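Numbering (the numbering used here), first residue to last: 5 to 643. Even glycine gets a Cβ: it sits at the ideal position worked out from N, Cα and C. The model shown is predicted, which means the values in this text are computed figures rather than measured ones. Take a look at the structure below.
Structure follows, in structure tokens:
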């Protein structure tokens, strides 16, 4: 399933209908709606507010506190309660928002809790907040000054909480149990009992209540718990939900269960002990890889197979064809009129794109099977086989691809080919270089080129230089882009570094610039005119999307992201008015366009001075600050 927002009409729960789609990265997302305002809480993004009066329109994103993670919320009346966790304890706790104007939430107050918080349930004047060890009780009688009152140890990872009467029910992921806490006295809660949910692999997350039943969702099934006797819950049923995300939502006697890769499932709970799946809504995949053929981009789109996108007008790319592959389409490369696509369940698939709007399956190679990244050089395809190494496949006859050999070691995560060389990175945090001038028998040139630190390497090369982007293994700091001199390929020497890059999924070189698809930081542009003195020349924040792959042709950068397909201009367009260096006329030009119906910047995105993904008054203000106030330079692709 692609990361994104879908608006579904459930007037008839047995036949939901997709009304709108809005791309955004929704990993670990929670949603709620108040009037025409939709609130979306995303793990590492914060709170997103959408106007869903018609098609979804993103109004605001907040709070964007660096280093925070956002897990749970509750809405009661005109108030929104949000938990956020941070390694900085001062930022970990519960925040209260006034949503009397649903489209414009206002932060009222904040309170710390002792450890990193997870979820919250609000009842009356109290908020019950789980953290990584405890259940906390917070007084919210004064919304502008919430007060922490007490906590009770759950002896493990307390995740979700549901309060009913005098009892709070807490899912404990550490020992797969449901904990019952007596909260009659908010100043002195007491642990009453612990119900073991599953002796096996069960990871309890969401708790939902329907009448006197709790539905405790785990990773493989959902336990149905009877709380008729509130202090002594009893398991009365189990319901298989393999593949569902951690979310489960109940509405009357209907349950909605989003799945990672299989869309939205709808269940009838008319019999609370016997949920019945009544419908499943399939959703598109996400862009894992990208390759270009003429005026078309071919995207490996995960469970949705491949998509062919017409980019003859980069400002209005259009999906013109798709082909649903049997498994998960993860890699794509182009040779002549053929697209070579790796699929997680059936190996290598070859599509004839003589007519790009009508791709035809022309051939396949079922060996190897567990494959991902692919590069093509000459008559051979090199495929990352996660179980065995790099597979070499003869594609001289595209309709009959033939496996030749497999070399290197398992755990391959990235491949790059250039002028008879193949660069390979693996989970051992190292890069190897092979001579593939004789494709049937690749020769190792150098093994285990290890940057100073990092993992998940992406690679590019040009001439005597190799560029390796590494993620910092601690997870709490950014990684770096390392430059190696490989004029003597047997003795690579590190000669340059650019700090503060993160999880780079793909790289491409065009002229003096190296473009990085950084999963965390968006598109990074590195000037490599002097490879031994590289520097960051620009960036584009793809928020709320995470880029996976990119290709560059001329002045246009094509990006496959988890929330859709982007086209970005990379040329020097000399400001929004196109007349020369940035000056006050550019700000006037933007104001005229925004408020007076004047001419639009061409292409439009050159007016996006602050790189927030839109062209509005904030871009004019940004330019004025730069021109007169010494503010930061415009960060779009036109400086």
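Does the Cβ-Cβ distance between residue i and residue j come in under 8 Å?
i, j, result
"residue 552", "residue 543", "no"
"residue 100", "residue 134", "no"
"residue 218", "residue 229", "yes"
"residue 562", "residue 638", "no"
"residue 292", "residue 334", "yes"
"residue 259", "residue 278", "no"
"residue 405", "residue 354", "yes"
"residue 154", "residue 120", "no"
"residue 440", "residue 450", "no"
"residue 379", "residue 571", "no"
"residue 502", "residue 484", "yes"
"residue 541", "residue 508", "no"
"residue 182", "residue 171", "no"
"residue 644", "residue 223", "Any property of residue 644 remains undetermined from this structure, which presents the chain solely from 5 to 643."
"residue 652", "residue 486", "Outside the shown range of the chain (5 to 643) lies residue 652, about which nothing can therefore be said."
"residue 162", "residue 122", "yes"
"residue 537", "residue 568", "no"
"residue 357", "residue 397", "no"
"residue 87", "residue 124", "yes"
"residue 157", "residue 140", "no"
"residue 1", "residue 510", "Outside the shown range of the chain, which is 5 to 643, sits residue 1, and nothing can be said about it."
"residue 604", "residue 554", "no"
"residue 399", "residue 444", "no"
"residue 402", "residue 327", "no"
"residue 56", "residue 35", "no"
"residue 410", "residue 446", "no"
Please report the residue range of the beta strand (DSSP E) in which residue i lies.
i, result
"residue 589", "First-last for residue 589: 588 to 600, but that is the alpha helix (DSSP H), not the beta strand (DSSP E)."
"residue 634", "Careful: residue 634 lies outside any beta strand (DSSP E) and carries neither H nor E."
"residue 119", "Element bounds for residue 119: n/a, residue is neither H nor E."
"residue 444", "Here residue 444 belongs to no beta strand (DSSP E), and DSSP marks it neither H nor E."
"residue 243", "238 to 244"
"residue 193", "Unbroken run through residue 193: none, as it is neither H nor E."
"residue 87", "83 to 90"
"residue 375", "375 to 381"
"residue 292", "From DSSP, residue 292 is part of no beta strand (DSSP E); its letter is neither H nor E."
"residue 367", "364 to 369"
"residue 394", "393 to 398"
"residue 97", "97 to 102"
"residue 304", "300 to 304"
"residue 311", "310 to 314"
"residue 475", "469 to 475"
"residue 329", "Looking at the DSSP string, residue 329 is not in any beta strand (DSSP E), and its letter there is neither H nor E."
"residue 390", "Residue 390 -> no beta strand (DSSP E), and no H or E assigned at all."
"residue 493", "Run containing residue 493: none; DSSP gives neither H nor E here."
"residue 421", "416 to 422"
On a CA-only basis, which of the options is nearest residue i? Give me that one, please.
i, options, result
"residue 505", "378, 308, 471 and 613", "471"
"residue 658", "96, 104, 74 and 95", "Because the chain is modelled from 5 through 643, residue 658 falls outside the range shown and cannot be assessed."
"residue 330", "316, 324 and 346", "346"
"residue 307", "316, 635, 290 and 314", "290"
"residue 65", "350, 438, 107 and 209", "107"
"residue 38", "102, 75 and 627", "102"
"residue 220", "239, 235 and 342", "239"
"residue 332", "123, 352, 322 and 338", "352"
"residue 325", "184, 309 and 421", "309"
"residue 54", "76, 550 and 11", "11"
"residue 515", "159, 57, 500 and 534", "534"
"residue 546", "557, 538, 555 and 528", "528"
"residue 143", "158, 187, 169 and 109", "187"
"residue 496", "513, 465 and 383", "465"
"residue 417", "377, 443 and 399", "377"
"residue 624", "428, 590, 559 and 636", "590"
"residue 366", "349, 344, 411 and 45", "344"
"residue 493", "448, 475 and 524", "448"
Is the CB of residue i under 8 Å away from at least one CB in chain C?
i, result
"residue 77", "Absent here is chain C; the protein component of the structure consists of one chain."
Query raised in the report: Should the region 105 to 119 be regarded as contacting the region 175 to 186, the criterion being three or more beta carbon pairs within less than 8 Å?
Result: no
Query - At least three beta-carbon pairs within less than 8 Å, the region 593 to 602 to the region 618 to 627 - result: yes
Query raised in the report: Would you call the region 383 to 392 and the region 355 to 366 in contact, with 3 or more CB pairs under 8 Å?
Result: no
Report task. Spell out a yes or no on whether the region 298 to 313 and the region 515 to 535 are touching, meaning 3 or more CB-CB pairs, one atom from each, closer than 8 Å. Result -> no
Query raised in the report: Fully enclosed by the region 500 to 546, which beta strand (DSSP E) runs are 3 residues long or longer?
Result: 508 to 514, 517 to 522, 526 to 531 and 539 to 544
Query - Residue ranges of each beta strand (DSSP E) within the region 144 to 210, 3 or longer - result: 151 to 157, 162 to 168, 171 to 176, 181 to 186 and 194 to 200
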